[in-house]
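Trainee: Chains as they are written, first to last, in UniProt numbering: chain A, 1 to 434; chain B, 1 to 434; chain C, 1 to 434; chain D, 1 to 434.
This is the structure I have questions about; it appears just below.
Protein chains: 4
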Amino acid sequence: MIPRYSRPDMVAIWEPQTRFRIWFEIEAHACDAQAALGVIPKANAEAVWKAKDVTFNVARIDEIEAVTKHDVIAFLTHLAEIIGNDEARFVHQGMTSSDVLDTTLNIQLTRAADLLMAGLDRVLAALKTRAYEHKDTVRIGRSHGIHAEPTTMGLTFARFYAEMARNRARLENARAEIATGAISGAVGTFANIDPAVEEHVCKMMGLTPEPISTQVIPRDRHAMFFATLGVIASSIENIAIEIRHMQRTEVLEAEEFFSPGQKGSSAMPHKRNPVLTENLTGLARLVRMSVTPALENVALWHERDISHSSVERAIGPDTTITLDFALHRLAGVVEKLVIYPENMLKNMNKFKGLIMSQRVLLALTQAGVSREDSYRLVQRNAMKVWEQGADFKTELLADPEVTAALSREEIEEKFDLGYHTKHVDTIFARVFGS
Amino acid sequence: MIPRYSRPDMVAIWEPQTRFRIWFEIEAHACDAQAALGVIPKANAEAVWKAKDVTFNVARIDEIEAVTKHDVIAFLTHLAEIIGNDEARFVHQGMTSSDVLDTTLNIQLTRAADLLMAGLDRVLAALKTRAYEHKDTVRIGRSHGIHAEPTTMGLTFARFYAEMARNRARLENARAEIATGAISGAVGTFANIDPAVEEHVCKMMGLTPEPISTQVIPRDRHAMFFATLGVIASSIENIAIEIRHMQRTEVLEAEEFFSPGQKGSSAMPHKRNPVLTENLTGLARLVRMSVTPALENVALWHERDISHSSVERAIGPDTTITLDFALHRLAGVVEKLVIYPENMLKNMNKFKGLIMSQRVLLALTQAGVSREDSYRLVQRNAMKVWEQGADFKTELLADPEVTAALSREEIEEKFDLGYHTKHVDTIFARVFGS
Amino acid sequence: MIPRYSRPDMVAIWEPQTRFRIWFEIEAHACDAQAALGVIPKANAEAVWKAKDVTFNVARIDEIEAVTKHDVIAFLTHLAEIIGNDEARFVHQGMTSSDVLDTTLNIQLTRAADLLMAGLDRVLAALKTRAYEHKDTVRIGRSHGIHAEPTTMGLTFARFYAEMARNRARLENARAEIATGAISGAVGTFANIDPAVEEHVCKMMGLTPEPISTQVIPRDRHAMFFATLGVIASSIENIAIEIRHMQRTEVLEAEEFFSPGQKGSSAMPHKRNPVLTENLTGLARLVRMSVTPALENVALWHERDISHSSVERAIGPDTTITLDFALHRLAGVVEKLVIYPENMLKNMNKFKGLIMSQRVLLALTQAGVSREDSYRLVQRNAMKVWEQGADFKTELLADPEVTAALSREEIEEKFDLGYHTKHVDTIFARVFGS
Amino acid sequence: MIPRYSRPDMVAIWEPQTRFRIWFEIEAHACDAQAALGVIPKANAEAVWKAKDVTFNVARIDEIEAVTKHDVIAFLTHLAEIIGNDEARFVHQGMTSSDVLDTTLNIQLTRAADLLMAGLDRVLAALKTRAYEHKDTVRIGRSHGIHAEPTTMGLTFARFYAEMARNRARLENARAEIATGAISGAVGTFANIDPAVEEHVCKMMGLTPEPISTQVIPRDRHAMFFATLGVIASSIENIAIEIRHMQRTEVLEAEEFFSPGQKGSSAMPHKRNPVLTENLTGLARLVRMSVTPALENVALWHERDISHSSVERAIGPDTTITLDFALHRLAGVVEKLVIYPENMLKNMNKFKGLIMSQRVLLALTQAGVSREDSYRLVQRNAMKVWEQGADFKTELLADPEVTAALSREEIEEKFDLGYHTKHVDTIFARVFGS
């Protein structure tokens, strides 16, 4: 985790304090269930809740762990210090450490997913606002980086919205993947604990019981989770690349927001760097890099080995924190993106009307001119634009062979931008609903 | 694609003949829609269907492409040769090549998903059969490769079943991701073609219209598709690793099926190698390697660049063909896996009864023996097993300090395997339904 | 392997005929060594060379393999058909299949490395030629996609040259990594064959004996090999991205070569797409995707498992063929790249002189103007350029506060491009030698 | 960075204090060079060294950065606070931030490489010691996890030694890759600073001047660096997997060291988990995951974009710290690995003598028995071993058809382990030198 690329809410999920709090809740709910089954005395179960509002002493737990070399035992020892040794003696009965650890990891990932969902929602809201704002702002569409046909800035935002809406649905699936818990014992047979305990704990913690676990919750779930985050990161990169292109000096159709006081911007007004979207490009790589180790984590030996653990200690926090930060950074960029419609027009007209050459070609053939002749007519006028900077429409109107086939109105019509934007509302309805 | 790791059905999806057939259908349906809109004459639309049952001449199309340097134009030229130049003159009107190419890719991937689904179903059926067959076949559960507590072979199959059932659900999502089509023109604005054409073509081809496309269908869909295949591959590896472990000489709890006539197996009966599951381990790596380039394909420049294309030419066929082959190879391995229950028992008893030491320890403390004393008692008997090969239960029964605390019946009970298998039916009900 | 992205020379390395030829040579040299040791009769060793100029019948070998289910045995059977059963009876004695297979793979990879080296050399030659050709062609240097300070097109080529020269050195290392052979038996102990055989075979085949092998040659070598190809691919992407940027409509500082006859280019002269470099971007992803599975192949179980084999069947040919094709495609692009120096100047002057604002600012402070005043002076003139399209130098020369601090000559000097190019020769000397 | 997987020396390299110290040294040496060139006064250059032994106040620098939003400026401001504003006024003259930042990163990576080298050396020393210790400790070699032919434990260590020795050579190359520095200005043209400054700074900091840079040092160097670390990590996994296999209950040929006092080990002596090598397996995945983003970092836009920066902020420290920790953990495991030669023999003899069946088969055919008969003879005796637990040699000696062909001595000889170990010294000489 890199502090500068993190937000406090997500960081908090991964702090020791939060982890111990979750451990406590799992243990306390498990005691309740055990008491209900008559396995342990009700009084002992109730006593555990004395620690309900306690802030656990992380330093003290670390101190104990330094001796016991076991994190869960250290915590339980500390818990006993709080609620009393005698009261605590049934805590954790029949459970293994992994019951607590694996269920906790999934709770943390589930909460992380909720925060990511909020980040996605902010991105979606920003994209929708900007899409409607620029629904009819015409700009040139580019394939291969080359001018193709006109489109609108609103459509650009709308397609990013559609992509992020898909990511939202994917994240919901991914959240469901890891919203499971397991209290099933050393190899998952419930030999030492009744399945009812698992059911109760999961219910109270907002999880589904893992249908079949083996000390660990199966890691295909986590693989799917991180793979999904990798896809979301790639979409962030997709938007970032678009903005970086728009901001490059020769294009200048948009700029990341610069606060007026930002030093240097007015003495070197051309030198405003899209550093936020460049940063997002890098953050996307960081999020994506967790996908492969998460996939490699799936194949554990027999009922479990612990090779996955170190991987998750790193990518659990790092990947969710980075993606959370990236989503909000992206949202901020989109919300405040400075857009230059006039530059969009200027760029579109760089080769005065040339992007309409294909429509003219088609019109000529449809007007009965042979394919070869149509091509020749378009070509000779196009070359004047390309080589001498002439205006395409003007040249066409001045070419008697052209005007013999097409009327002025027909030629004018080929340069009508409305031709290209006529279905924008249809597309918006598809993307945003009516 | 490596012929030895391929099945004809999946290979067929990616053959030129199939591709041209799909192109034809897209073009023909588009003509129907255009005719319905009154854009082209009905007779021309109908004429296209003359090629309905024609086997396209791939060599001829390649020949034309060698001249035109354009695959779609080459195909259209060949189509015109079949249905007549005049009849063909409205085919493809208003469309761009990508309309055809991208929709076709998604149709191929959708069909591939259907085949993969069938493969998964075969794996699931095999796992379920073997799970019920060995529901009560006791074997030792292992954490860290070390004996832990007893479980059953049926539970092992059941957890792989549950994992593959999750993969089936994921694959359904992945299929939905790429079951879209687009006929939206050069930058996706429908400038030259009515959205109704897209709707009709998609409906006839079993697709959903892409809500917003930009010459290309957005690549986050394909990234999610390949990421999902990567997860499935990791689950295949998971099962493969389990079987490889079971077959290793010292464990020998299972073997891949050897046909009786297979040379060498009886002169060297110990030398039966788990080559199929080792191969599956490698194939899993091959499937997974498509995930990163698929993620890198998402961020295209502006409305599209063509960097994704070469990647998809490779991973489209290769990844689906490899995974399809791997699923069926896995199914075959599971269906015919030779299981040795007697070796499972032999392995479990390698350290005669020692795996029960923890239950005995717990029983002693619950019988009122202090924690320290309990530990000492277990330890001194355990060491006899470990160092001298004694039998743990026999030693305990002969230890007066132990028998002072626990009756013979209580000690015997600690070695009862039923204690560990009592919830197997519960877990099976969770996994397979009641 | 995708035919359209392949060159015949590299494809040939991976064809069955080549593989069998290498197998033959290994077996024949091994026989010579065995005969020299007195292990087999000299006459039998000599007889093997009867097949020296034979074209092996791949179909016949496949036919035998269909029965024996073993590729090496099938080959040896076919070899015996050629040289006689009796003469052939000592061939392969004391060897295991892997001795032949692993040594062959390394020979193929070594030959592939040689071809890649030739590809790199062609790229280097092209970059050097273009670097000198445009050593003094001034263009704007861009950081963050934003105009920064002037540089030259020659420096751009020169840095790509330096990068590719590093890649050449890396490829030499990578070649050395996999130029080893092993004839060491079932677990690498030479139990059944003298190390002298390995030495002789390796010497004759241009390899170094693997110091210690275990039926297989250790896979860290192959991991390093493919990792190196991944780095080279990333450098190809680096150059491809630069060219794609240069060709985008708004920049147009260079274009991939278009043959004059190429259809469409003159009727739509603006629509020349950088499809070759876009393709290279995708091919780079394909090459890179082999790195992870190659790394995963390193950890084989004990003396060997065969999980690596399927991976190598794919990435061995696919990765080298793709990279070979990419290098030559890149070389072609660089050799024929159409460069527009006048557009470079036009772009550089987009914001008339503004890129010199920092030099002016520095000059003012060095002339004794306070930092605040200097900033204010630069700012007010810069804003006229930015907002009204004025010329920066003209404005400065007309600003009495500026001219009070700086003479006309001093101001003029700040706009001298020679200031930026004065060390180009130094850099060229570093890169290309004096 | 995960504290529990880190060592202080490597962590120190990445601490702010170290970074600022390096920045200081770069700036101070640059001033010396500028003074020597006569660009700045000698006195000012000398004054900078007043901060030579100062511990920079990180909190203060952070405080300034909070205002200036620029880390290098914040540092320079703090430096001026120490050496005096007037004395400091020529510091950094002609340089850009990246000159300092990129050179610093490479210094940190170079130092990291030195620490990694020390880690590798410790691993190498441990492997060599254990190799010689167990040079003649016979164990069964396994292919596919199945018993093959005897080898020795010393050969296992020797092959890991050879692999790690290769890694050492690779790391030397990787270190050379990133041991370069650049002080070349905004786009690398040395417009504002003489190349002599770069030369001097590099010389003093132990670096080579980057032949051609563009504000940034080219990232193919870093890609190669991290790719090399990925290969080393895979070798760590390779050794870890071997040890995990050796420790599994059924094999038990070795165990990670357990301190005698380690709780639980004697009451459950079978339950000693190879947690260190499992952890190493996970750490290897963490190190490897940096390779792909490092490769993606190569293709920066034009002279530089900053997308690489966030990636390096993460993988720079995380990857080197994790690998450093892993190397020392591995060294510790190897140094103290508890090896059980008697279990190796026991495992080898699991199928009493059966692993020699192939040698017997060969001997029979060489003694003139037909291939079919030889096979039949071996088979019928082998099956008695396999099915009834008989001893292979005993059965052969009791089989008159066998003894008719082979004398007792000849049969005995086939079971001589010396046959398999006769070349161990040769291999050791190859690996360790004579």
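Virtual Cβ for every residue (Gly too), placed ideally from N, Cα, C.
Tell me, please, whether the CB atom of residue 279 of chain A is closer than 8 Å to any CB atom in chain D?
Mentor: Walking along the first sequence from the start, residue 279 of chain A turns up at place 279. Yes, because at least one Cβ of chain D sits closer than 8 Å to the Cβ of residue 279 of chain A.
Trainee: Could you name the residues that DSSP lists as bridge partners for residue 209 of chain C?
Mentor: In the third sequence, the residue the question calls residue 209 of chain C occupies position 209. Its beta-bridge partners are C:181.
Trainee: Quick one: grab the DSSP three-state call for residue 256 of chain A.
Mentor: In the first sequence, the residue the question calls residue 256 of chain A occupies position 256. DSSP places residue 256 of chain A in coil when its eight states are reduced to three.
Trainee: Pop quiz: residue 475 of chain B and residue 250 of chain D are said to be a contact at Cβ under 8 Å. What is the actual Cβ separation, rounded to whole angstroms?
Mentor: Any question about residue 475 of chain B goes unanswered here, given that chain B covers just 1 to 434.
Trainee: Taking the alpha helix (DSSP H) that residue 293 of chain C falls in, what are its first and last residues?
Mentor: Counting from 1 along the third sequence, the entry for residue 293 of chain C is found at position 293. It spans 291-296 - the alpha helix (DSSP H) in which residue 293 of chain C sits, taken as one unbroken run.
Trainee: Cutting at 8 Å between CB atoms, please list the residues of its own chain near residue 19 of chain A, excluding the five before and the five after it.
Mentor: Within the first sequence, the letter at position 19 stands for residue 19 of chain A. Closer than 8 Å at the Cβ level, and outside the excluded window around residue 19 of chain A, lie 104 and 108.
Trainee: Closer than 8 Å between beta carbons: that is the criterion. Which residues of the stretch 279-306 of chain A meet it against chain D?
Mentor: Those residues of the stretch 279-306 of chain A that come within reach of chain D (Cβ to Cβ, closer than 8 Å) are 279, 281, 282, 283, 285, 286, 288, 289, 290, 292, 293, 296, 297, 301, 305 and 306.
Trainee: Since residue 304 of chain B contacts residue 201 of chain B with CB under 8 Å, what's their CB separation in whole angstroms?
Mentor: Within the second sequence, residue 304 of chain B is the residue found at index 304, counting from 1. Within the second sequence, residue 201 of chain B is the residue found at index 201, counting from 1. Incorrect: roughly 20 Å between the Cβ atoms, too far for contact.
Trainee: Going by CA-CA distance only, name the one from D:85, D:101 and D:257 that's closest to residue 14 of chain D.
Mentor: For the purposes of this step, residue 14 of chain D is taken as the residue at position 14 of the fourth sequence. The shortest C-alpha separation from residue 14 of chain D is found at D:101.
Trainee: Mapping the DSSP letters down to three states, classify residue 197 of chain A as helix, strand or coil.
Mentor: By one-based count along the first sequence, residue 197 of chain A stands at place 197. Helix.
Trainee: Taking the Cβ atom as the reference point for each residue, do residue 378 of chain B and residue 357 of chain B lie within a distance shorter than 8 Å?
Mentor: In the second sequence, residue 378 of chain B corresponds to position 378, counting from 1. In the second sequence, residue 357 of chain B corresponds to position 357, counting from 1. Contact: yes.
Trainee: Less than 8 Å separating the beta-carbons of residue 424 of chain A and residue 211 of chain B?
Mentor: Against the first sequence, residue 424 of chain A aligns to sequence position 424. Against the second sequence, residue 211 of chain B aligns to sequence position 211. No, these two residues do not count as a Cβ contact at 8 Å.
Trainee: Closest Cβ-Cβ distance between residue 371 of chain C and chain D: below 8 Å?
Mentor: Along the third sequence, read from residue 1 onward, the residue named residue 371 of chain C stands at position 371. Chain D contact via Cβ: absent.
Trainee: With 16 other CB atoms within 10 Å as the buried threshold, where does residue 152 of chain A fall?
Mentor: Your numbering for residue 152 of chain A matches position 152 in the first sequence. The residue is buried, with at least 16 neighbouring Cβ atoms inside 10 Å.
Trainee: Hey, which unbroken runs of the alpha helix (DSSP H) at 4 residues or more fall wholly within the stretch 65-103 of chain B?
Mentor: Runs found: 71-83.
Trainee: Please list, in chain order, all residues of the same chain as residue 204 of chain D whose beta carbon is under 7 Å from its beta carbon, the five residues on each side excluded.
Mentor: As a working note, residue 204 of chain D is residue 204 in the fourth sequence. The residues are 29.
Trainee: Determine the extent of the alpha helix (DSSP H) in which residue 249 of chain D is found, giving its start and end residues.
Mentor: Locating residue 249 of chain D in the fourth sequence gives position 249, counting from the first residue. Note, residue 249 of chain D: premise wrong, no alpha helix (DSSP H); not H, not E.
Trainee: For the putative contact between residue 96 of chain A and residue 186 of chain A, defined by C-beta atoms under 8 Å, what is the C-beta separation to the nearest angstrom?
Mentor: Along the first sequence, read from residue 1 onward, the residue named residue 96 of chain A stands at position 96. Along the first sequence, read from residue 1 onward, the residue named residue 186 of chain A stands at position 186. Contact flag correct, Cβ pair sits at about 5 Å.
Trainee: Can you list the residues of chain D that residue 308 of chain A reaches, using a CB-CB cut of under 8 Å?
Mentor: On the first sequence, residue 308 of chain A is found 308 positions in, with the first residue counted as 1. Residues of chain D passing the Cβ test: 282.
Trainee: Got a sec, what are the start and stop residues for the alpha helix (DSSP H) residue 409 of chain A sits in?
Mentor: As a first step, residue 409 of chain A must be located in the first sequence, where it is residue number 409. 408-414 is the extent of the alpha helix (DSSP H) around residue 409 of chain A.
Trainee: So, with DSSP's three-state summary, where would you put residue 59 of chain D?
Mentor: Taking the fourth sequence and counting its residues from 1, the one referred to as residue 59 of chain D is at position 59. Helix at residue 59 of chain D.
Trainee: For residue 380 of chain D, report the span of its alpha helix (DSSP H) as first-last.
Mentor: Looking up residue 380 of chain D in the fourth sequence gives position 380. Counting along the chain, the alpha helix (DSSP H) containing residue 380 of chain D begins and ends at 371-388.
Trainee: Give me the Cα-Cα distance between residue 70 of chain A and residue 278 of chain D, rounded to the nearest whole angstrom.
Mentor: Within the first sequence, the letter at position 70 stands for residue 70 of chain A. Within the fourth sequence, the letter at position 278 stands for residue 278 of chain D. Approximately 17 Å between the Cα atoms of the pair.
Trainee: For residue 327 of chain A, which of A:49, A:22, A:124 and A:94 has the nearest alpha-carbon?
Mentor: Numbered from its first residue, the first sequence carries residue 327 of chain A at position 327. Minimum Cα distance to residue 327 of chain A is reached at A:124.
Trainee: Should residue 86 of chain C be listed as close to the ligand ADP, given that the test is whether its C-beta is under 7 Å from any heavy atom?
Mentor: The model on display carries no ligand, and the ligand ADP is accordingly not part of it.
Trainee: With C-beta atoms as the reference, is residue 180 of chain D less than 8 Å away from residue 150 of chain D?
Mentor: For the purposes of this step, residue 180 of chain D is taken as residue 180 along the fourth sequence, with counting starting at 1. For the purposes of this step, residue 150 of chain D is taken as residue 150 along the fourth sequence, with counting starting at 1. Cβ atoms of residue 180 of chain D and residue 150 of chain D: not closer than 8 Å.
Trainee: Just checking, does the stretch 305-323 of chain D make contact with the stretch 276-293 of chain A on the three C-beta pairs under 8 Å criterion?
Mentor: Flag = yes, the stretch 305-323 of chain D and the stretch 276-293 of chain A touch.
Trainee: So what does DSSP say about residue 189 of chain B, is it helix, strand or coil?
Mentor: What you label residue 189 of chain B is simply residue 189 of the second sequence in a count that begins at 1. Residue 189 of chain B: coil per DSSP, three-state reduction.
Trainee: According to DSSP, is residue 33 of chain D helix, strand or coil?
Mentor: The residue labelled residue 33 of chain D in the question sits at position 33 within the fourth sequence. The answer is helix: DSSP assigns residue 33 of chain D an H, G or I state.
Trainee: To the nearest angstrom, how far is the alpha carbon of residue 74 of chain A from that of residue 61 of chain A?
Mentor: Along the first sequence, read from residue 1 onward, the residue named residue 74 of chain A stands at position 74. Along the first sequence, read from residue 1 onward, the residue named residue 61 of chain A stands at position 61. Roughly 6 Å between the two C-alpha positions.
Trainee: Output yes or no for whether 8 Å exceeds the beta carbon distance between residue 43 of chain D and residue 31 of chain D.
Mentor: One-based indexing of the fourth sequence puts residue 43 of chain D at position 43. One-based indexing of the fourth sequence puts residue 31 of chain D at position 31. Their beta carbons are not under 8 Å apart, which means residue 43 of chain D does not touch residue 31 of chain D by this criterion.
Trainee: To be precise: take each residue of the stretch 340-370 of chain C, compare its Cβ to all Cβ atoms of chain A, and keep it if any distance is under 8 Å. Which residues remain?
Mentor: From the stretch 340-370 of chain C, only 347, 350, 351, 354, 355, 357, 358 and 361 have a Cβ closer than 8 Å to chain A.
Trainee: Is residue 38 of chain C helix, strand or coil when you go by DSSP?
Mentor: Counting from one through the third sequence, the residue named residue 38 of chain C turns up at place 38. Residue 38 of chain C falls in the coil class under three-state DSSP.
Trainee: Considering only residues of the same chain and omitting the five flanking positions on each side of residue 155 of chain A, which have a CB-CB separation below 7 Å?
Mentor: The residue you call residue 155 of chain A lines up with position 155 of the first sequence. Hits under 7 Å: 424 and 427.
Trainee: Just reading off the alpha helix (DSSP H) that residue 402 of chain C is part of, what are its end residues?
Mentor: Working through the third sequence from its first residue, we reach residue 402 of chain C at position 402. 400-405 is the span of the alpha helix (DSSP H), which, as asked, contains residue 402 of chain C.
Trainee: Say whether chain B places a C-beta atom closer than 8 Å to the C-beta of residue 272 of chain C.
Mentor: As a position in the third sequence, residue 272 of chain C is number 272, starting the count at 1. Cβ-Cβ to chain B under 8 Å: no for residue 272 of chain C.
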